[in-house]
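**Student:** I have a structure here, written as structure tokens, and I will follow up with some questions on it.
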Amino acid sequence: MAYELVHKETFHNMLLKIPIEYIKQILQKIEILRDDPRPYGDLKKKLHGYNSDLYRLRSGKFRVIYTFGQGWVALLGVDDRKDVYKDGRLVAELPNFDPAAVPEVVELLTPRKQTVWTPCKDHKTVTPSSDYLPYRLDDSLLARLRVPETFVSTLKACHTLDDLLAADVPDSVRDRIFDVVFDPNYDHVLQTPSFVTGDVDDLLRYVEGELLGFLLKLDPSQEKYVNWAINASGPTLLKGGPGTGKSTVALYRTRSLINALRAQGITHPRILFTTYTNALATFSRQLLERLLGNDVECVTIRTADSLVREIVRSVGVEPQIGDSQDLRVPLREAIKTAVFDDNPVKRRAQVQSIARLNLDYLLEELTTVIEARGFTRLAEYLAAPRSGRRIGLNTTQRTAEWRVYESFDTACQHHRIHTWQSIRALAEAIVVDGSGKSSICDGFDGIIIDEAQDLDPTVLSMLVELCRASNRLFVTADANQAIYGSGFRWQDIHSTLRFTGRVGILRINHRSTREIGEAARSYLLEGVMDGETVGQQGDYVKSGPLPIVRPVTHVDDETQMLARFLPAATKDARFGIGACAVLVPTKKAGEAIANRLRDSGIEAAYMSSRELDLKHKAVKVITLKSAKGLEFPVVAIAGLLDGPVPGARHGMTPEEAVEANERERRTIYVGMTRAMHALLVVIPANHPSPLLTGFDERYWNTGSKEGRSSDAS
Numbered sequence: 060m061a062y063e064l065v066h067k068e069t070f071h072n073m074l075l076k077i078p079i080e081y082i083k084q085i086l087q088k089i090e091i092l093r094d095d096p097r098p099y100g101d102l103k104k105k106l107h108g109y110n111s112d113l114y115r116l117r118s119g120k121f122r123v124i125y126t127f128g129q130g131w132v133a134l135l136g137v138d139d140r141k142d143v144y145k146d147g148r149l150v151a152e153l154p155n156f157d158p159a160a161v162p163e164v165v166e167l168l169t170p171r172k173q174t175v176w177t178p179c180k181d182h183k184t185v186t187p188s189s190d191y192l193p194y195r196l197d198d199s200l201l202a203r204l205r206v207p208e209t210f211v212s213t214l215k216a217c218h219t220l221d222d223l224l225a226a227d228v229p230d231s232v233r234d235r236i237f238d239v240v241f242d243p244n245y246d247h248v249l250q251t252p253s254f255v256t257g258d259v260d261d262l263l264r265y266v267e268g269e270l271l272g273f274l275l276k277l278d279p280s281q282e283k284y285v286n287w288a289i290n291a292s293g294p295t296l297l298k299g300g301p302g303t304g305k306s307t308v309a310l311y312r313t314r315s316l317i318n319a320l321r322a323q324g325i326t327h328p329r330i331l332f333t334t335y336t337n338a339l340a341t342f343s344r345q346l347l348e349r350l351l352g353n354d355v356e357c358v359t360i361r362t363a364d365s366l367v368r369e370i371v372r373s374v375g376v377e378p379q380i381g382d383s384q385d386l387r388v389p390l391r392e393a394i395k396t397a398v399f400d401d402n403p404v405k406r407r408a409q410v411q412s413i414a415r416l417n418l419d420y421l422l423e424e425l426t427t428v429i430e431a432r433g434f435t436r437l438a439e440y441l442a443a444p445r446s447g448r449r450i451g452l453n454t455t456q457r458t459a460e461w462r463v464y465e466s467f468d469t470a471c472q473h474h475r476i477h478t479w480q481s482i483r484a485l486a487e488a489i490v491v492d493g494s495g496k497s498s499i500c501d502g503f504d505g506i507i508i509d510e511a512q513d514l515d516p517t518v519l520s521m522l523v524e525l526c527r528a529s530n531r532l533f534v535t536a537d538a539n540q541a542i543y544g545s546g547f548r549w550q551d552i553h554s555t556l557r558f559t560g561r562v563g564i565l566r567i568n569h570r571s572t573r574e575i576g577e578a579a580r581s582y583l584l585e586g587v588m589d590g591e592t593v594g595q596q597g598d599y600v601k602s603g604p605l606p607i608v609r610p611v612t613h614v615d616d617e618t619q620m621l622a623r624f625l626p627a628a629t630k631d632a633r634f635g636i637g638a639c640a641v642l643v644p645t646k647k648a649g650e651a652i653a654n655r656l657r658d659s660g661i662e663a664a665y666m667s668s669r670e671l672d673l674k675h676k677a678v679k680v681i682t683l684k685s686a687k688g689l690e691f692p693v694v695a696i697a698g699l700l701d702g703p704v705p706g707a708r709h710g711m712t713p714e715e716a717v718e719a720n721e722r723e724r725r726t727i728y729v730g731m732t733r734a735m736h737a738l739l740v741v742i743p744a745n746h747p748s749p750l751l752t753g754f755d756e757r758y759w760n761t762g763s764k765e766g767r768s769s770d771a772s
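Quick note, the sequence shown lines up with residues 60 to 772 if you use this note's numbering.
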């Protein structure tokens, strides 16, 4: 049988260093692997020195490092024979020692006296005495590596590892340099994404500069859902935990949807790709441009709320969205003017039930339950489940809240103020009755809804109405990541959302290490949604050090800790400082942390979701909710000392506090699962909030007692 060829980025980067006169011979030899990659004489040998099964292919004085499995061969690296074996770890014969004795990953940033961490030396064998780059970065080498002229002088000035890490160059360029001047750690290389090699001539085209890059290879479990049920009779739902690739599959599904529609004679299909946050929409746009090329013109990439605004504006409504403080005014008026039951006993019970509720909790009930679900009659509200709400409400209490809602709606109109939920419900109604004058209301041939669990039911219903055929609707979701809304059931939203026989589940985490994924899962266990369980994440591709949690007593301690952690973790992961993200609860906390980091000599910038620039060379400081759908090699969660604990409000009942804690716990969980390689969580010392508990020492590096006291000092 013919084996499929895939390769790692390290391989095609190392190939750039090989003199062009040797490339064709190497590529011809690689074709042998397509027929049979198994060891054979001196041509193909099994290697030793790593935990993984590695092999080498001989091509003159060069060696191609590869591995293989059922039906596939992965090309990992290529180098001169003398360089392949020079560090002594990789050998072509059985070693005279136990390979299991080779040191594994050293725990990242282990606590020690007067300091917080020491960097892990897993990826590169670099010590202070051998910190110089093993090769000069001269014009010839940089030209072969296709480094843009803009960065040549900067790189030629780099003589040490620290110089290279600090250089103001794109991470893609820095990675290329690392791959060719340092000896790869092939256990680490195996954990990186694979690319589709296709014809080996494409590798030659890449070396010659004709081909700019390769498509990311989906694993079989992901690839299955790219075309799965694309010609079915109804919509398709893809579920999965963080890092399982739901959004990546959604991107590829967009291409498949375009091809399927063209096959049906729709030459210029109109596709909508939508999600919740501006940051995720921006990121998706960049990826779709690379994946689709000119066909990206067929795709409208928008946040759901940007569509909502455009639709309501098309009928002359200019949304004036009030925040919780603004909405307290009409809410207080509504409580005073609400028309309760004529029966004195019932009226007294209804008034008392409203008085017992915290004002913010009452506002949430009116907006995230009644308005977000599009209820227009009391009977609908009385019959509806209130998934995600901890305080149970009987018929008398629900009736009281409905009467307040009726007055609240009138008061908001009087003050000319809107809630987001009311505007979303209005947009849905406009789409249903066909009165909208925006081109959006003309509908789409196909719609991709990414991260649907964060959208209000009215918005999901609106998007269903905009899709011209229900079988062209593809939805991704994960209930454990829901941040913004209370829970819902698909069947409560729209009659079209029946996924029977068309629900797929992704279980392999490709983003985070096993240690980060399981630590985040253990933290979430105390705050799951009603009707949901936090089961096993499935399998993980990567492994690494335990994530770290540290308590501090002052913002200066937090700043010092971040200033130590971020450079150490990026050095360990072979990234520049721009690979770091600090996730914070609020804009105010983010701006303060960015300022303090800059004062400490760490380049950092606070970015809103609209301003997010993933290519910026500074630490990205963003809110936890803006980080949804993104990923960063190094993540720190901080800013919890710069204000009240998220979700905490004065005068909350115990039930309200539990519900708020569950909601904010999911938000922090999502932040944790943005981390790929290293994670730090900084919490206030001696804080009683249950939100800041649940860091099980089996999954978290909590530090020794000595380390903990020195951290907080």
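Virtual Cβ for every residue (Gly too), placed ideally from N, Cα, C.
#1: Could you check which residue in G505, A653, P692, L683 has the C-alpha nearest to that of N290?
#2: Specify whether the stretch 229-240 and the stretch 97-116 touch according to this definition: at least 3 beta carbon pairs, one from each stretch, less than 8 Å apart.
#3: Are the CB atoms of F503 and R329 within a distance shorter than 7 Å?
#4: Beta-carbon within less than 8 Å of A443's beta-carbon, same chain only, minus the 5 sequence neighbours each way: which residues are those?
#5: Kindly indicate which three-state DSSP category D701 falls into: helix, strand or coil?
#6: Kindly indicate which three-state DSSP category H327 falls into: helix, strand or coil?
#7: To the nearest angstrom, report how far apart G324 and T307 are at their CA atoms.
#8: Using CA atoms only, rank isn't needed, just tell me which of T303, Q250, R570 is closest to K67.
#9: Just confirm the distance between the C-beta atoms of K676 and E662, as a whole number of angstroms; I'd bet it's less than 8 Å.
#10: Compute the beta-carbon to beta-carbon distance between A338 and S668, rounded to the nearest angstrom, for a pair I have assumed lies under 8 Å.
#11: Anyone know if the C-beta pair for E460 and E430 falls short of 7 Å?
#12: Could you spell out where the alpha helix (DSSP H) holding L59 opens and where it closes?
#13: Measure the C-alpha to C-alpha separation of Y125 and W131 and round it to an integer number of angstroms.
#14: Measuring CB atoms only, is the stretch 207-217 touching the stretch 608-622, in the sense that at least three cross pairs come out at less than 8 Å?
#15: Kindly indicate the opening and closing residues of the alpha helix (DSSP H) around T478.
#16: Taking a contact to mean a Cβ-Cβ separation below 7 Å, would you say P606 touches A578 in this structure?
#17: So T336 and G649 are supposed to be a Cβ contact under 8 Å. How far apart are they, rounded?
#18: Go to E714, then tell me how far its alpha helix (DSSP H) extends in each direction, as first and last residue.
#19: Please list, in chain order, all residues of the same chain as Q480 whose beta carbon is under 7 Å from its beta carbon, the five residues on each side excluded.
#20: Can you check which of these residues, G660, S494, T645, V490, is closest to P626 by C-alpha distance?
#21: Mind checking T326: buried by the 16 CB within 10 Å criterion, or exposed?
#22: Do you know offhand how far P743's Cα is from L700's?
#23: By DSSP, does V65 sit in helix, in strand, or in coil?
#24: Less than 7 Å between the beta carbons of L347 and L297, yes or no?
#25: Give the straight-line distance between the Cα atoms of A408 and R445, rounded to the nearest whole angstrom.
#26: Please report how far the alpha carbon of T462 lies from the alpha carbon of T517, in whole angstroms.
#27: Considering only their Cβ atoms, is the gap separating R233 from G635 smaller than 7 Å?
#28: Check for me: the alpha helix (DSSP H) holding A322 runs from which residue to which?
#29: For W131, write down the residues that DSSP places opposite it in a beta bridge.
#30: Whole angstroms is fine: what's the gap from D246's alpha carbon to G352's?
#31: Please name the residue in I727, E756, T396 whose C-alpha comes closest to that of D468.
#32: Report the rounded CA-to-CA distance for A697 versus L750, giving the unit in angstroms.
#33: Can you tell me where the alpha helix (DSSP H) with V410 in it begins and where it stops?
#34: Please name the residue in A216, N244, V206 whose C-alpha comes closest to that of D230.
#35: According to DSSP, is T592 helix, strand or coil?
#36: Go ahead and label E756 buried or exposed: buried means 16 or more other beta carbons lie within 10 angstroms of its beta carbon, across all protein chains shown.
**Tutor:** Reading from the atomic positions:
#1: Ranking G505, A653, P692, L683 by Cα distance to N290 puts G505 first.
#2: The stretch 229-240, when compared against the stretch 97-116, does not touch it at the 8 Å Cβ threshold.
#3: In this structure, F503 lies closer than 7 Å to R329 by Cβ.
#4: Apart from sequence neighbours up to five positions away, the residues of its chain that approach A443 with a beta-carbon distance below 8 Å are V428, R432, F434, D551, ordered along the chain.
#5: Collapsing the DSSP output to three states places D701 in coil.
#6: Coil, per DSSP.
#7: For G324 and T307, the gap between their C-alpha atoms comes out near 27 Å.
#8: For K67, the nearest C-alpha among the options comes from Q250.
#9: Contact holds; Cβ gap of about 7 Å.
#10: Yes, A338 and S668 are in contact; Cβ-Cβ is about 4 Å, under 8 Å.
#11: The answer is no: Cβ separation not under 7 Å.
#12: Here the chain covers residues 60 to 772 and nothing more, so residue 59 does not appear.
#13: Rounded to whole angstroms, Y125 to W131 spans 11 Å at the Cα level.
#14: Contact between the stretch 207-217 and the stretch 608-622 is absent, with fewer than three C-beta pairs closer than 8 Å.
#15: Counting along the chain, T478 falls outside any alpha helix (DSSP H), and DSSP gives it neither H nor E.
#16: By the CB criterion at 7 Å, P606 and A578 fall inside the cutoff.
#17: Between T336 and G649 the beta-carbon gap is near 15 Å, outside 8 Å, which marks them as no contact.
#18: That run of the alpha helix (DSSP H) goes 713-731.
#19: Contacts found: T426, T427, E430, A431, D515.
#20: Closest option to P626, Cα to Cα, is G660.
#21: Result: exposed.
#22: Cα-Cα distance, rounded: 6 Å.
#23: DSSP places V65 within a strand segment (E or B) once states are collapsed to three.
#24: By the CB criterion at 7 Å, L347 and L297 fall outside the cutoff.
#25: One C-alpha to the other measures close to 21 Å.
#26: As written in the sequence, residue 462 is Arg, which differs from the Thr given in the question. Our two residues, R462 and T517, have alpha carbons roughly 21 Å apart in a direct line.
#27: The answer is yes: Cβ separation under 7 Å.
#28: Element bounds for A322: 305-322.
#29: Note: W131 is bridge-paired with E63, G128 in the DSSP secondary-structure output.
#30: Answer to the nearest angstrom: the Cα atoms are 34 Å apart.
#31: Nearest C-alpha to D468: T396.
#32: Annotation: A697 to L750 spans about 14 Å, alpha carbon to alpha carbon.
#33: Here the alpha helix (DSSP H) through V410 covers 403-415.
#34: Answer by Cα proximity: V206.
#35: Here T592 scores only 48 on pLDDT, less than 50, and its place in the model is too uncertain to base an answer on.
#36: Counting Cβ neighbours within 10 Å, E756 comes out exposed, since fewer than 16 surround it.
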